[in-house]
Structures are given as C-alpha cells and as structure tokens.
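Everything in the sequence shown is counted per the UniProt record's numbering, starting at 1 for the first residue and increasing by one. From the three backbone atoms N, C-alpha and C, an ideal C-beta is built for every residue, glycine too. Note that the coordinates shown come from a computational prediction; the quantities given were computed from them, not determined experimentally. Structure first, then comments.
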Amino acid sequence: MALSPSDPSSASSNLLLLCAEDADDVASWEPHDPDPHPHPIVSTPTSPSPSPSPAPFDGDEWRAPDDRHVSVMLAAEPHHSPRPDYLSRLRDRSLDATSRHDAVNWILKVCELYRFRPVTPCLAVSYLDRFLSSRALPGGGEGWATELVSVASVWVAAKMEETQVPGLLELQTAEEGPRRVFDPRTVRRMELLLMSALAWRMRSPTPFDYLPHFAPRRPPLPPLLLARASSLVLNAHRVVDFLGYRASEIAASAVLCAAREIGDSSPGCDGDELATSLAKWVSKTLICSTVHKLFHEPSAASLRDLFRI
Numbered sequence: 001m002a003l004s005p006s007d008p009s010s011a012s013s014n015l016l017l018l019c020a021e022d023a024d025d026v027a028s029w030e031p032h033d034p035d036p037h038p039h040p041i042v043s044t045p046t047s048p049s050p051s052p053s054p055a056p057f058d059g060d061e062w063r064a065p066d067d068r069h070v071s072v073m074l075a076a077e078p079h080h081s082p083r084p085d086y087l088s089r090l091r092d093r094s095l096d097a098t099s100r101h102d103a104v105n106w107i108l109k110v111c112e113l114y115r116f117r118p119v120t121p122c123l124a125v126s127y128l129d130r131f132l133s134s135r136a137l138p139g140g141g142e143g144w145a146t147e148l149v150s151v152a153s154v155w156v157a158a159k160m161e162e163t164q165v166p167g168l169l170e171l172q173t174a175e176e177g178p179r180r181v182f183d184p185r186t187v188r189r190m191e192l193l194l195m196s197a198l199a200w201r202m203r204s205p206t207p208f209d210y211l212p213h214f215a216p217r218r219p220p221l222p223p224l225l226l227a228r229a230s231s232l233v234l235n236a237h238r239v240v241d242f243l244g245y246r247a248s249e250i251a252a253s254a255v256l257c258a259a260r261e262i263g264d265s266s267p268g269c270d271g272d273e274l275a276t277s278l279a280k281w282v283s284k285t286l287i288c289s290t291v292h293k294l295f296h297e298p299s300a301a302s303l304r305d306l307f308r309i
C-alpha cells in the first residue's frame with residue numbers, strides 16, 4: 001500500500017511511500033536450490049573474531065599489526081561469501097543486475113550522507129549479495145524486493161558498526177529519489193529474515209579489515225595511500241566483476257594501486273616491493289590481474305573516473 005505525501009517539503013514525507021508489503025510474504029521468501037554442501041560454522045569460543053583490527057598506529061606511535069588476525073580472516077572469507085554461481089547469474093541476467101546496481105549505489109550514498117564508517121557500506125553490500133545469491137525474490141528481484149533487502153542490509157550493518165544509528169524512516173528518506181519507503185515493521189521482519197538466511201554470520205571480513213595489515217609496514221604510514229586505497233575499495237562495489245574476488249584480494253590490489261600511484265614520494269610505497277610482501281597472503285599473479293581490472297579493462301573503465309585519480 002502506498003500513501004501520497006501530505007507535505008512535499010517535509011523530509012519525513014519526501015516521496016513517502018509507506019510500503020506495507022505483507023510481512024507474511026516477506027517471511028515466506030524461499031531459498032534458491034539448497035546448497036548441498038553448506039558452509040560449516042567455523043567460529044569457536046576460543047577463536048578470535050575477524051572483527052576490524054586496530055589501526056597499526058595510534059598518534060605518533062606505530063606498532064606492527066598482528067599477522068595471526070589476517071590468518072583468521074582469510075579462513076573466514078569462504079563462509080561469508082555469496083554462492084559461487086552468483087556472479088554468473090548476474091552476468092546472464094537470470095538475476096536482475098540493474099536492481100542490484102541501484103541498491104549498491106543507494107547503500108553507498110546513504111552511508112556517505114550519514115558519515116558512517118567505511119566498513120559499514122562494505123558490510124551492507126556483503127549482506128545484500130549473500131542474501132540475493134541464496135534467496136529467490138518476488139518478481140525476480142525487480143523493484144521493491146531488492147530495495148527492501150538493501151534497507152535491511154544497511155540497518156543491520158549500521159547497528160554492527162556505528163555508535164549512532166538513525167531511525168528506519170530517517171534512514172530511508174535521507175536521500176532524495178524515487179525509492180519506496182517501507183514501514184518499519186516490514187523492515188524489521190526483513191532484518192530477521194536476512195540474518196536467518198545468512199546463518200547469523202554477520203561479522204564478515206571486509207577489505208577495510210585488511211588495509212592496516214597490507215599497507216606498507218615502515219612508518220609513517222602514508223595517509224594519502226590509505227585514503228586512496230579506501231576509495232578504491234568502496235567504489236569497487238559498483239563493478240559487478242569484483243564479486244569474483246575475495247575481500248583480501250580487493251584490499252591487496254587497492255593498496256598496490258595506491259602505492260603505484262604515489263610511487264617513490266613516500267617511504268614504503270615501492271609497488272614491486274609491496275607486491276612481493278603481499279604475496280605472503282594473496283597470489284602475486286592474482287593481485288596483478290586485479291590491478292589490471294581496476295585500471296584497464298572496459299568493465300571497470302568508469303571506475304577510474306569515480307576515483308578521480
């Protein structure tokens with residue numbers, strides 16, 4: 001059901017479409033063909049959580065990151081990824097790639113408007129992709145269904161990472177546009193369905209968890225390198241081909257791209273030396289192929305303009 005806004009100038013009524021979709025319909029969305037080999041839950045009471053690690057420096061004091069944390073995150077990656085056929089289904093249009101693209105753009109924009117931490121949109125997009133890869137949405141994922149999943153994904157990610165989270169109506173009306181605005185009750189039902197579909201594995205390793213470990217180890221860490229690597233990571237979500245890479249691979253490639261741009265102007269930013277050090281965690285050949293995609297392939301050509309570098 002949709003209600004027309006009574007006051008177009010009101011932020012809360014900006015194209016206010018209170019979509020009271022039947023909550024029972026939302027809760028009955030069925031999974032795609034069940035995975036015959038479901039990912040086991042690998043966390044144990046004694047295992048460190050792959051949560052964001054502290055930065056490798058605090059003020060002027062630099063400390064080496066703990067490589068054991070990287071090993072834990074690498075082991076967790078396969079258990080927090082979309083199903084293997086997700087990218088191919090987006091490419092052959094058996095899933096609605098346009099709706100997914102629009103949802104990712106909205107996630108990035110609303111997180112920027114609220115000045116959320118960079119890890120928040122990364123988590124939200126991860127939740128969105130994992131859900132879309134495992135559940136058949138009404139109408140093939142077109143329109144309201146994917147929008148509802150994207151709202152729930154940001155809502156959950158913000159509660160995971162932010163100290164202050166806007167209300168559900170505020171979250172949905174922050175950015176002007178033709179998107180629907182869902183009744184909070186419907187979003188909360190979607191939130192439960194989302195977490196259940198993801199087997200409650202909400203602490204997904206993101207590229208931002210790896211950046212402190214993959215950036216040059218020799219202090220001082222160049223702020224420009226980390227800033228540009230962060231931009232690469234965030235905007236990579238807009239390019240569907242990057243779904244073929246893990247968070248660690250995207251992080252390593254983003255750091256290497258930023259280092260090669262900076263060149264020898266900052267200590268520890270030699271691209272070849274950095275690629276060799278990253279090979280401890282990620283295949284050097286794979287890093288180079290990802291870097292090539294970032295800057296040269298047509299599918300990612302628009303990415304360079306987004307970065308403005």
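DSSP, read as helix, strand or coil, puts L226 in helix. Taking C-beta atoms as the reference points, Y114 and A157 fail to come closer than 8 Å. The beta carbons of Y210 and V70 sit closer together than 8 Å.
Shown here for L87: same chain residues with a beta carbon closer than 8 Å to its own, the five before and five after excluded, namely V240, D241, L243, G244 in chain order. For T146, the three-state secondary structure derived from DSSP is helix.
DSSP places Q172 within a helical segment (H, G or I) once states are collapsed to three. In this structure the region 130-139 lies against the region 190-202, because at least three pairs of beta carbons, one per stretch, are closer than 8 Å. Cβ neighbours of L226 within its own chain (closer than 7 Å, five residues either side excluded): L211, A215. The three-state secondary structure of W200, taken from DSSP, is coil.
Below 8 Å, enough C-beta pairs join the region 229-240 and the region 95-109 to call them touching: three or more.
One thing to note: L256 has its Cβ no nearer than 8 Å to the Cβ of L224. Here Q172 is buried. Its C-beta has 16 or more other C-beta atoms within 10 Å. It is roughly 25 Å from the alpha-carbon of I250 to the alpha-carbon of M195.
Judged by DSSP in its simplified three-state form, S94 adopts coil rather than helix or strand. Taking all protein chains shown into account, A124 has 16 or more neighbouring C-beta atoms within 10 Å of its C-beta and is therefore buried. Nearest to S99 by C-alpha distance, out of E170, R238, T206, is R238. For S230, the CB contacts under 6 Å within the same chain, skipping 5 residues up- and downstream, are P118 in chain order.
Around the beta carbon of S94, fewer than 16 other beta carbons lie within 10 angstroms, which makes this residue exposed.
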